[in-house]
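Heads up, the thing below is written out as structure tokens.
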Amino acid sequence: MACGNEDGEVNRMTNPAKPGNSSFMLTRAIKSLASLAAAASLAIMGYAGDFSSPSLIALSFGFAAWLCAPYAVAWIAAGRLKSDAIASAVLGVGLTVIAGLGLYAYVSVFIINPKPDAQDGLAFLVIPFYQLGTIALACALAFLVKRLRRA
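Numbering (the numbering used here), first residue to last: 60 to 210.
What follows is the structure in structure tokens.
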């Protein structure tokens, strides 16, 4: 009972990352949002993609990895930040921004767009690049917050 008090209750501040802890629940929410946003991005890629030949199918695996890279970074960072709720919240805000704006851009380019263009496919190259930059900045801020709170 190293982490418990006299009544047998566990102190959530000395025992982080347990179910019921706010930082644990925030970490699960961040990982769930990252998974859902990656799945939605892949669904839009499947909707807009051309899978008529084996070479295009092989190429789509590379694009799928590129689309999921920003969300994978957020997933990994959430696991590293699970002991600090405020740093996780900073990461959650960054993830919400990249997921919301990225999915809005994909939907507006591939679904809402009344006149499809040949250059629409470039969105699959450009949007993840900006998402990676933004989530890298959010991760840097989150880890800085975690470090400053430990000092």
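Each residue gets a CB set at the ideal place from its N, CA and C atoms; glycine is no exception.
Inset, instruction - Quick one: give me the first and last residue of the alpha helix (DSSP H) that I135 is part of. - result: Per DSSP, I135 belongs to the alpha helix (DSSP H) from 113-139.
Inset, instruction - In the DSSP assignment, find the unbroken alpha helix (DSSP H) run with S100 in it and report its ends. - result: Start and end: 81-107.
Legend entry - Cutoff 6 Å; reference A96; Cβ partners in own chain excluding five residues on either side: Non-local C-beta neighbours of A96 in its own chain, meaning closer than 6 Å and more than five positions away in sequence, comprise Y130, A158, ordered along the chain.
Inset, instruction - Please report the residue range of the alpha helix (DSSP H) in which P42 lies. - result: An answer regarding residue 42 cannot be provided, because it is not within the stretch 60 to 210 covered by the chain.
Inset, instruction - Compare the beta carbon distance of I103 and F202 with 8 Å and say whether it is the shorter of the two. - result: F202 is positioned such that its CB atom lies no closer than 8 Å to that of I103.
Legend entry - Own chain partners of V132 with C-beta closer than 8 Å, once the 5 adjacent residues on each side are dropped: Answer for V132: L191, I194, A195, C198, listed in chain order.
Legend entry - Exposed unless 16 or more other CB atoms sit within 10 angstroms - verdict on R208: The Cβ neighbour count for R208, taken over all protein chains shown within 10 Å, is under 16; the residue is labelled exposed.
Inset, instruction - Starting from the Cα of T155, find the closest Cα among A99, C127, D109, I89 and give me that residue. - result: Considering only alpha carbons, the answer is I89.
Inset, instruction - Kindly indicate which residue of V152, P173, D109 has the alpha-carbon position closest to the one of G180. - result: Closest by alpha carbon: D109.
Inset, instruction - Can you grab the Cα-Cα spacing for the pair G153 / R139, in whole Å? - result: Taking the CA atoms as reference points, G153 sits about 15 Å from R139.
Inset, instruction - With a 10 Å radius around its C-beta and 16 neighbouring C-beta atoms as the bar for buried, classify V185 as buried or exposed. - result: Flag for V185 reads exposed.
Inset, instruction - Taking only the alpha-carbon atoms, compute the straight-line gap between A128 and A210 and give it to the nearest angstrom. - result: Taking the CA atoms as reference points, A128 sits about 31 Å from A210.
Inset, instruction - Using the Cα positions of R87 and G151, report the straight-line distance between them to the nearest angstrom. - result: C-alpha separation (whole angstroms): 11 Å.
Inset, instruction - Grab me the residues of K205's own chain with a C-beta within less than 7 Å of its C-beta, minus the 5 sequence neighbours each way, in chain order. - result: In the same chain as K205, and ignoring 5 residues on each side of it, the C-beta atoms closer than 7 Å to its own belong to L140, D143, A146, in chain order.
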